[in-house]
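>
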Amino acid sequence: MPRRTILCLFALTLLPRLLPASALLDEGERLILDNKLREASVVLEQALREDPREEKVYLYLGVIYEQLGDPQRAVAVMSEGLNVARQAKPVLCFNIGNSLFDQGDYARAELMYTQAISLDSALGDAYLNRANTRLRTAQYPEAIGDYVVYLRLTPESPQRPQIERVMAELKDMLAQEEKTRQDAAAKQKALMDDVLSALKNASSDAKNVGADSEKVQVDFQASNIED
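Residue numbering for the sequence shown follows our numbering, beginning at 156 and increasing consecutively.
#1: Would you please state the rounded distance, in angstroms, between the beta carbons of Met233 and Gly217? I believe it to be under 8 Å.
#2: Reducing DSSP to helix, strand and coil, say where Asn287 ends up.
#3: Could you name each continuous alpha helix (DSSP H) segment of 4 residues or more that falls completely within the region 247-292, going from the start of the chain to the end?
#4: Give the C-beta separation of Glu209 and Ala202 to the nearest angstrom, bearing in mind that I take them to be a contact with Cβ-Cβ under 8 Å.
#5: Report the residue from Leu255, Val212, Val350, Glu200 whose alpha carbon sits nearest the alpha carbon of Gln227.
#6: CB-CB under 7 Å to Leu247, same chain, minus the five flanking residues each way: which ones, in chain order?
#7: Would Tyr295 pass as an interface residue toward chain C - the criterion being a Cβ-Cβ separation below 8 Å?
#8: Which word fits Gly224, buried or exposed, when buried means at least 16 other C-beta atoms lie within 10 angstroms of its C-beta?
#9: List the endpoints of the continuous alpha helix (DSSP H) containing Lys211.
#10: How about Asn287 and Asn253: are their beta carbons less than 8 Å apart?
#11: Please list the terminal residues of the continuous alpha helix (DSSP H) segment that includes Pro296.
#12: For Asn190, count the other beta carbons within 10 Å of its own beta carbon; 16 or more makes it buried, fewer makes it exposed. Which is it?
#13: Quick check on Val350: buried or exposed, where buried means 16 or more other Cβ atoms within 10 Å of its Cβ?
#14: State the start and end residues of the unbroken alpha helix (DSSP H) segment that holds Leu192.
#15: What's the gap between the Cα of Arg336 and the Cα of Asp327?
#16: Following the continuous alpha helix (DSSP H) through Val232, name the residue where it begins and the one where it ends.
#17: Is it right to say Pro310 is buried, meaning 16 or more other beta carbons lie within 10 angstroms of its own, or is it exposed?
#18: Report buried or exposed for Leu199, applying the criterion of at least 16 other Cβ atoms within 10 angstroms of its Cβ.
#19: In its own chain, which residues sit with a C-beta less than 8 Å from the C-beta of Tyr383, not counting the 5 before and 5 after it?
#20: If I measure Cβ to Cβ from Thr292 and keep anything under 6 Å in the same chain, skipping five residues before and after, which residues do I get?
#21: Pull up the distance between the alpha-carbon of Leu302 and that of Tyr282, whole angstroms please.
#22: Do Ala264 and Phe249 have their beta-carbon atoms positioned less than 8 Å apart in this structure?
#23: Apart from the five residues on each side of it in sequence, which residues of its chain come closer than 7 Å, Cβ to Cβ, to Gln376?
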C-alpha cells in the first residue's frame with residue numbers, strides 16, 4: 156500500500172478525536188457531498204457522541220444509513236433524534252415515514268407522515284407520501300383527499316398529470332363500487348319486501364283456515380244438539 160494511502164487512513168481514524176463537534180459536523184457534511192458515506196458516518200457518529208443535541212446529525216445519519224442499505228438503523232437513529240429535535244422534528248418524522256414505507260410497514264409510515272403534517276401543515280411531500288401509503292392500504296377516499304392537498308400546496312408539481320389521472324381512476328372506481336352497493340341494497344330490499352309479503356299472505360290464509368275450522372266445530376256441536 157502506498158505511503159500516502161496509509162497516511163490518509165491514519166488521519167481519518169484520528170479525525171474524530173482531533174475535531175470539536177461543530178467541526179465534525181462540517182466535515183461530515185463535506186464527506187456526504189463527496190458521496191463518501193461510510194467515512195461520513197464515522198465522523199457524524201463521533202459528532203453525535205460529542206453533542207447529542209445537534210439535530211442535524213440525526214438527519215444526516217438517517218439518510219446515510221438508508222443509503223447504505225440499513226433502513227432499520229436509519230429509523231432507530233432518527234427516532235432517537237425526535238427526543239431532542241426542535242426545528243428538524245417534522246423532517247425527521249417525514250424521513251422515518253419514508254424508511255418505514257420502503258420496509259413495507261405502511262401502518263407506521265402513515266402514522267409518521269401524519270405526525271409530520273401535524274407539526275408542519277405546509278409540508279407538501281408528507282401529504283403526497285401519505286396518499287401513496289393510503290393507496291397501498293386501500294384507503295382510497297383518504298388518499299384522494301391527501302392528493303388534493305398536495306396539489307394545492309405544490310401546484311407546479313411535475314407529478315400533477317400522473318396524480319390527477321390516479322385521482323380520476325380512484326373516483327371512477329369508488330363511483331362504480333357505490334353504484335354496485337346501491338344496486339345490491341335495492342335487490343336486497345326487494346327480496347325482503349317479497350318475503351314479508353309472502354309471510355303476510357300466509358298468515359292471512361292461516362287466519363281464514365282457523366275461522367273456517369271454528370265454524371265447522373260450531374256446526375258440528377249444533378248438529379249434536381238437534382239430535
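Think of the CB as a built atom: it goes at the ideal place given N, C-alpha and C, for glycine as much as any other residue. Note that this is a predicted model, so its numbers are computed, not measured.
Reading off the structure:
#1: 4 Å
#2: helix
#3: 261-274, 279-291
#4: 7 Å
#5: Leu255
#6: Tyr213, Leu214, Met233, Gly236, Leu237, Ala240
#7: Checking the listed chains, one finds no chain C in this structure; it contains a single protein chain.
#8: exposed
#9: 210-222
#10: no
#11: 295-308
#12: exposed
#13: exposed
#14: 192-205
#15: 14 Å
#16: 226-236
#17: exposed
#18: buried
#19: Nothing about residue 383 can be read from this structure; the chain reaches only from 156 to 382.
#20: Tyr261
#21: The sequence shown places Tyr at residue 302, not Leu. If I take the Cα positions, the gap works out to 7 Å.
#22: no
#23: Only weak support is given to the placement of Gln376: the predicted model assigns it a pLDDT of 48, under 50, and the value that follows is read from those uncertain coordinates. Within the same chain, Gln376 has no close Cβ partners at all.
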